[in-house]
Every structure is written in C-alpha cells, then in structure tokens.
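Student:
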Amino acid sequence: MSSDLRSRKRLATRQGISNAATRLFFERGFDHVTVDQIAAAADVGRMTVFNYFPRKEDMFFDRDEEGRELLRAALRQRDPSVAPIETLRLLAHGLVAEDSPYVRFTVESQGFIQTIEGSESLKARARAIRDEIAQVVAMALAECVGREAGDPAAHLAAGLLLATWSVALIQAHRGFRERQDTGAAQAVFLAIVDKGSIGLSAAMAGTPYA
Numbered sequence: 202m203s204s205d206l207r208s209r210k211r212l213a214t215r216q217g218i219s220n221a222a223t224r225l226f227f228e229r230g231f232d233h234v235t236v237d238q239i240a241a242a243a244d245v246g247r248m249t250v251f252n253y254f255p256r257k258e259d260m261f262f263d264r265d266e267e268g269r270e271l272l273r274a275a276l277r278q279r280d281p282s283v284a285p286i287e288t289l290r291l292l293a294h295g296l297v298a299e300d301s302p303y304v305r306f307t308v309e310s311q312g313f314i315q316t317i318e319g320s321e322s323l324k325a326r327a328r329a330i331r332d333e334i335a336q337v338v339a340m341a342l343a344e345c346v347g348r349e350a351g352d353p354a355a356h357l358a359a360g361l362l363l364a365t366w367s368v369a370l371i372q373a374h375r376g377f378r379e380r381q382d383t384g385a386a387q388a389v390f391l392a393i394v395d396k397g398s399i400g401l402s403a404a405m406a407g408t409p410y411a
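Under our numbering, the first residue of the sequence shown is numbered 202, with each subsequent residue one higher.
1. Note down, in chain order, each residue of its chain lying with its Cβ closer than 8 Å to the Cβ of THR288, except the 5 sequence neighbours on either side.
2. For ILE314, which residues in the same chain have their Cβ closer than 7 Å to its Cβ, ignoring the five residues on either side in sequence?
3. Quick check for students: name the residue ranges of the alpha helix (DSSP H) that lie wholly in the region 231-305, counting only runs of 4 or more.
4. Helix, strand or coil, according to DSSP, for ARG331 in the structure here?
5. Kindly list the residues whose CB is nearer than 7 Å to the CB of ARG305, restricted to its own chain and excluding five residues on each side of it in sequence; keep chain order.
6. Once the 5 residues before and after THR383 are set aside, which same chain residues still bring their CB inside 7 Å of it?
7. Ignore the nearest five residues each way along the sequence and tell me which others in GLU153's own chain have a CB closer than 8 Å to its CB.
8. Alpha helix (DSSP H) containing GLU228: first to last residue?
9. Hey, would you say LEU363 sits closer than 8 Å to ALA404, going by beta carbons?
10. Between the C-alpha atoms of GLY246 and THR235, what's the straight-line distance to the nearest angstrom?
11. Give every residue of the same chain whose Cβ lies closer than 7 Å to the Cβ of ASP446, excluding the five residues on either side of it in the sequence, and list them in chain order.
12. If the criterion is Cβ atoms closer than 8 Å, does the pair GLU266 and SER322 meet it?
13. Which whole-angstrom value is the C-beta distance of THR316 and PHE226, which I expect to be below 8 Å?
14. Excluding the 5 residues flanking PRO409 on each side, which residues of the same chain have their C-beta closer than 6 Å to its C-beta?
15. In or out: GLY400 buried (at least 16 other Cβ within 10 Å) or exposed?
16. Are the beta-carbon atoms of VAL337 and ARG264 separated by less than 8 Å?
17. Could you say which of ALA385, ALA335, LEU292, LEU296 lies nearest to ALA354 if we only look at CA atoms?
18. Just the C-alpha distance for HIS233 and VAL283, rounded to the nearest angstrom, thanks.
19. Whole angstroms is fine: what's the gap from ALA369's alpha carbon to ALA339's?
20. Look at the Cβ atom of SER320, then the Cβ atom of GLY230, and state whether they are nearer than 8 Å.
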C-alpha cells in the first residue's frame, strides 16, 4: 500500500470517528456518550478510537490543531509591511468571507455551542484550549518579529487578542441564537474584533506588533 493511500485511509478513519462522535454528542450530550458507543457507531475498535483521539474531548474539538496552525501560518506568511496585529484582524475578516467553520454562525453551530454549555468537562477543555492557543499566538508573534519566545509584550498581545476573539465569538453566537441571522452574527463578530484590534494596537504602541 502506498504512503499516500495509507494517509488517506488514516484521515478517512479519523474523520469517520469524529463524525460519529459529534452526532452522538449532539443527540445525547457529551457526558452521556461512552467511547464504546462511539467505536460501535464508527464501526472501529475501542483502541482504534484512542489511537486517533487520546481523550474523548479531542473528538469534540477535532479542529483544534488545524486552528492553531492557521494562526501560526498567518503570522509566518504575513506581508512585512502589515503589522502582526493587523494581520490577525485581516485573518478574522478572511475567515468570515470564506465561511470558515471556526467562525460559522448557523443552526448547526448552535448545536456545537449548546453541547459545550451542557458539559463541565467540555467547558473546562474549551478554557484550556484558549489558554494553549494564547501561548501559540505569543510564540508566533515573537517569532515573526525576531524576538525571544518569552517576550512579555508578545504574551500580553496574545492574551488580549484571545480575550477579544472569545468575546466576539460568544456575542456572535448569542446574537444568532436570538435572531437566527447569520449575516448579523458575522457583523457582530467582526465589529468586536475590529474594536478590540484598535485597543490592542494602542496597548502595543512602540512595539513591533502594532
């Protein structure tokens, strides 16, 4: 079997497990679904599930690593004439324009949010992911301007950025829940990101991040 075929089969198996898990999580609630039930629904063995997803939470947040790489890539590939903070603001606008699953405000995305809200373990994992992404962004910010990974300004900028995006996402999802209007929810998200970016640029004045 060629390496390309093996890779495709692995990706297909992973996606199959993730899809089965997501369906069960939405139907029954995250805490009421077992790994054995997920394995049966995906038609794989229990150990196969753990080979792809070490924790049950990883099956729910299965796009986590892809999202981190998206942020890293935006900063690595940025136009040198565009400040890092502005690069990330533009990334938010680009994600909305291309209907990225990370900033999608639909009936389906409400199921995702409601599943998180119904599980303490998912809420805890979501908070941990936010903190981990802040570290990723801090390191990527510092790297893209040639500073040390521990640069305090980079960590401050990353913390403020994640706080801004978190508020923007929460408010946009809340707005969609109330009005069922995707366009309005997208506008709320981008307005908060834009306003937060202005504040972030002011806070980072005098650094290479702004």
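Ideal Cβ positions, reconstructed from N, Cα and C, are used throughout, including at glycine.
Since this is a predicted model, take the numbers as computed values, not measurements.
Tutor: On the basis of the data shown:
1. Along the sequence shown, one-based indexing puts residue 288 at 87. Correct list, in chain order: ALA275, LEU276, ARG279, ASP280.
2. Walking along the sequence shown from the start, residue 314 turns up at place 113. Taken in chain order, the residues that qualify are HIS374.
3. 236-243, 247-253, 257-261, 265-277, 285-298
4. In the sequence shown, residue 331 corresponds to position 130, counting from 1. ARG331 falls in the helix class under three-state DSSP.
5. In the sequence shown, residue 305 corresponds to position 104, counting from 1. Contacts found: none.
6. For the purposes of this step, residue 383 is identified with residue 182 of the sequence shown, where counting begins at 1. Closer than 7 Å at Cβ, skipping near neighbours: PHE306, THR307, PHE377.
7. The structure shown does not extend to residue 153, since the chain is modelled only from 202 to 411, so the question has no answer here.
8. Taking the first residue of the sequence shown as position 1, residue 228 is located at position 27. Its alpha helix (DSSP H) spans residues 204-229.
9. As a first step, residue 363 must be located in the sequence shown, where it is residue number 162. As a first step, residue 404 must be located in the sequence shown, where it is residue number 203. For LEU363 and ALA404, no; Cβs fall outside 8 Å.
10. Stepping through the sequence shown from its first residue, residue 246 is reached at position 45. Stepping through the sequence shown from its first residue, residue 235 is reached at position 34. Looking at the two C-alpha atoms, the distance is approximately 13 Å.
11. The first residue shown for the chain is 202 and the last is 411, placing residue 446 beyond what the model contains.
12. For this step, residue 266 is matched to residue 65 along the sequence shown. For this step, residue 322 is matched to residue 121 along the sequence shown. Cβ atoms of GLU266 and SER322: not closer than 8 Å.
13. Translated into the one-based positions of the sequence shown, residue 316 becomes position 115. Translated into the one-based positions of the sequence shown, residue 226 becomes position 25. Yes, THR316 and PHE226 are in contact; Cβ-Cβ is about 5 Å, under 8 Å.
14. To locate residue 409, count along the sequence shown from 1; it is residue 208. For PRO409, where only same-chain residues beyond five positions count, the Cβ hits under 6 Å are VAL346.
15. Taking the sequence shown and counting its residues from 1, one reaches residue 400 at position 199. Under this definition GLY400 is an exposed residue.
16. As a working note, residue 337 is residue 136 in the sequence shown. As a working note, residue 264 is residue 63 in the sequence shown. Cβ distance not < 8 Å, so VAL337 and ARG264 don't count as in contact.
17. As a working mapping, residue 354 is identified with position 153 in the sequence shown. The shortest Cα separation from ALA354 among ALA385, ALA335, LEU292, LEU296 belongs to ALA335.
18. Reading the sequence shown from its first residue, position 32 is the one you call residue 233. Reading the sequence shown from its first residue, position 82 is the one you call residue 283. Near 47 Å, if we compare the C-alpha coordinates of VAL283 and HIS233.
19. Counting from 1 along the sequence shown, the entry for residue 369 is found at position 168. Counting from 1 along the sequence shown, the entry for residue 339 is found at position 138. Cα-Cα distance, rounded: 20 Å.
20. Position 119 of the sequence shown, counting from 1, holds the residue named residue 320. Position 29 of the sequence shown, counting from 1, holds the residue named residue 230. Yes, Cβ-Cβ distance for SER320 and GLY230 is below 8 Å.
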